[in-house]
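**Student:** Its first residue numbered -14, the sequence shown is counted upward by one per residue in our numbering.
C-beta: ideal position from N, C-alpha, C; glycine also.
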Amino acid sequence: MEFHQLIKILIKNKKSLIFTPLAGILLGSLVYFLPNGYTASGSIYVGRITDRNSHFFTYEGYYGQQTALSYTNSVLAFIQSTDLLRDTLVELGIPTTDYQIWKLKQSISVKKSGPQTPVINLSVKAKSGADAEKLWNLIFNNTDMYANRVSVQSDPSLKIYKVSENPVVRSEFKSLPLFIVAGMGLGLACLVAVTVFTEYFKENKNDKAKH
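1. Under 8 angstroms: do the segment 128 to 136 and the segment 159 to 177 share three or more Cβ pairs, one atom per stretch?
2. My output table needs one value for residue 139: the three-state DSSP class, helix, strand or coil.
3. Kindly indicate which residue of 6, 180, 110 and 28 has the alpha-carbon position closest to the one of residue 96.
4. Could you give the DSSP three-state label for residue 24: helix, strand or coil?
5. Under the DSSP definition of a beta bridge, which residues are partnered with residue 13?
6. Taking residue 150 as the reference, which of 119, 176 and 156 has the closest Cα?
7. Nearest by alpha-carbon distance to residue 21: which of 116, 186, 177 and 143 is it?
8. Rank 107, 121, 183 and 144 by C-alpha distance to the C-alpha of residue 129 and give the top, closest one.
9. List the residues that DSSP assigns as beta-bridge partners of residue 109.
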């Protein structure tokens, strides 16, 4: 179907052309007024305890820095591990099913702040601000437990720390105009798709009838 044919068909169906975008706008507005989610964000510093009495740059200090950088990847892996997610669910009183583990993993965002920085940015999503803060602290505490359990066998000087005592909790941003435009666009897209498929099947049916 050519573009000008599609335009003609849409113009003929004026009611659908008006109703569908309006329905999309209504849907977008309803989604906008759904309860906001909350995000708790904070940073975790990975470090290695060295000789603090030295006032000069030493090999020990350089080694500690490089070891912390390398260990940061292990801490990232701990946060994303199934074992830690399962333990967190147990502490929250949630069944440790595959779906719940997947759902919890989707609510967590974790990454290094830079390739040569032993700082991890951790963000979690929840339905309320209190739940988001609680989840963030649980994940940090479990990560700290896992890190200590491993480092005690290799390098007890490796530690992780909260950069701030409490994570920053904020409500997720929503823009009503954006939701309205998105809803209208979705409505128009659905109308065009239905129109194209309807005309396509009509043409095929007519061609078969002729033969």
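**Tutor:** According to the data block:
1. No: fewer than three Cβ pairs fall under 8 angstroms.
2. What you label residue 139 is simply residue 154 of the sequence shown in a count that begins at 1. The answer is helix: DSSP assigns residue 139 an H, G or I state.
3. Taking the first residue of the sequence shown as 1, we reach residue 96 at position 111. The shortest C-alpha separation from residue 96 is found at 28.
4. For the purposes of this step, residue 24 is identified with residue 39 of the sequence shown, where counting begins at 1. Strand, per DSSP.
5. Locating residue 13 in the sequence shown gives position 28, where the first residue counts as 1. Partner(s): none; residue 13 has no beta bridge.
6. Along the sequence shown, read from residue 1 onward, the residue named residue 150 stands at position 165. The shortest Cα separation from residue 150 among 119, 176 and 156 belongs to 119.
7. Counted from its first residue, the sequence shown places residue 21 at position 36. Checked all of 116, 186, 177 and 143; the closest Cα to residue 21 is 116.
8. Counting from 1 along the sequence shown, the entry for residue 129 is found at position 144. When only C-alpha atoms are compared, the closest one is 144.
9. Reading the sequence shown from its first residue, position 124 is the one you call residue 109. For residue 109, which the question treats as bridged, DSSP gives the partners 25 and 93.
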